[in-house]
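*Asks:* 1 is the number of the first residue of the sequence shown in the UniProt record's numbering; add one for each residue after it.
Beta carbons: idealized from backbone N, C-alpha and C, even for Gly.
So that we are looking at the same thing, I have put the structure below in structure tokens.
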Amino acid sequence: MPAFSAYNFLRNCNYFLETPNQAARLSLDSAVSPTLSNGNLRKQRSEKRPIPEEQKDDKYFERRRRNNQAAKKSRDARKIREDQIALKATILEHENALLRAQVVTLREEASSLRQMLLQRKPFDHLPPTSHSP
Numbered sequence: 001m002p003a004f005s006a007y008n009f010l011r012n013c014n015y016f017l018e019t020p021n022q023a024a025r026l027s028l029d030s031a032v033s034p035t036l037s038n039g040n041l042r043k044q045r046s047e048k049r050p051i052p053e054e055q056k057d058d059k060y061f062e063r064r065r066r067n068n069q070a071a072k073k074s075r076d077a078r079k080i081r082e083d084q085i086a087l088k089a090t091i092l093e094h095e096n097a098l099l100r101a102q103v104v105t106l107r108e109e110a111s112s113l114r115q116m117l118l119q120r121k122p123f124d125h126l127p128p129t130s131h132s133p
């Protein structure tokens, strides 16, 4: 087994795969009535209503700026998680291939040893060994 295993790598990089508020988010999501969309459960969005120009003050633009930053941060974090999952899959596929090759080698060795045992003559014809003190 190599010193650098997929398990150790992924255990160290686990923070990319989970978010700190995952448990809280799961409990909040279950409280919202979900709708079925493309096989995924999602909360239903309210109808989009445009904000009239006269109501777009500094507070509105600041909220929009913060929301845009949060959306970008969320997209970036999702991209990192997806990249980590892809890396995890690649590492596990490689490790799986190595393990399968090792299984083949060990099976061949076991078969060879079985054949050697079957071809071996019994010990009955061997002269007794002397045990000297």
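Output the distance between the C-alpha atoms of lysine 121 and glutamine 115, rounded to the nearest integer angstrom.
*Replies:* By 1-based counting over the sequence shown, the position of residue 121 is 121. By 1-based counting over the sequence shown, the position of residue 115 is 115. In a straight line, the C-alpha of lysine 121 is about 12 Å away from that of glutamine 115.
*Asks:* Given this structure, state the Cα-to-Cα distance separating isoleucine 80 from leucine 117, to the nearest angstrom.
*Replies:* One-based indexing of the sequence shown puts residue 80 at position 80. One-based indexing of the sequence shown puts residue 117 at position 117. Near 55 Å, if we compare the C-alpha coordinates of leucine 117 and isoleucine 80.
*Asks:* State the Cα-Cα distance for the pair alanine 110 and lysine 43, rounded to the nearest angstrom.
*Replies:* As a working note, residue 110 is residue 110 in the sequence shown. As a working note, residue 43 is residue 43 in the sequence shown. In a straight line, the C-alpha of alanine 110 is about 57 Å away from that of lysine 43.
*Asks:* Could you give the DSSP three-state label for alanine 24: helix, strand or coil?
*Replies:* For the purposes of this step, residue 24 is taken as the residue at position 24 of the sequence shown. Low confidence applies to alanine 24: its pLDDT is 46, below 50, so where it sits in the model is not reliable enough to give any reading.
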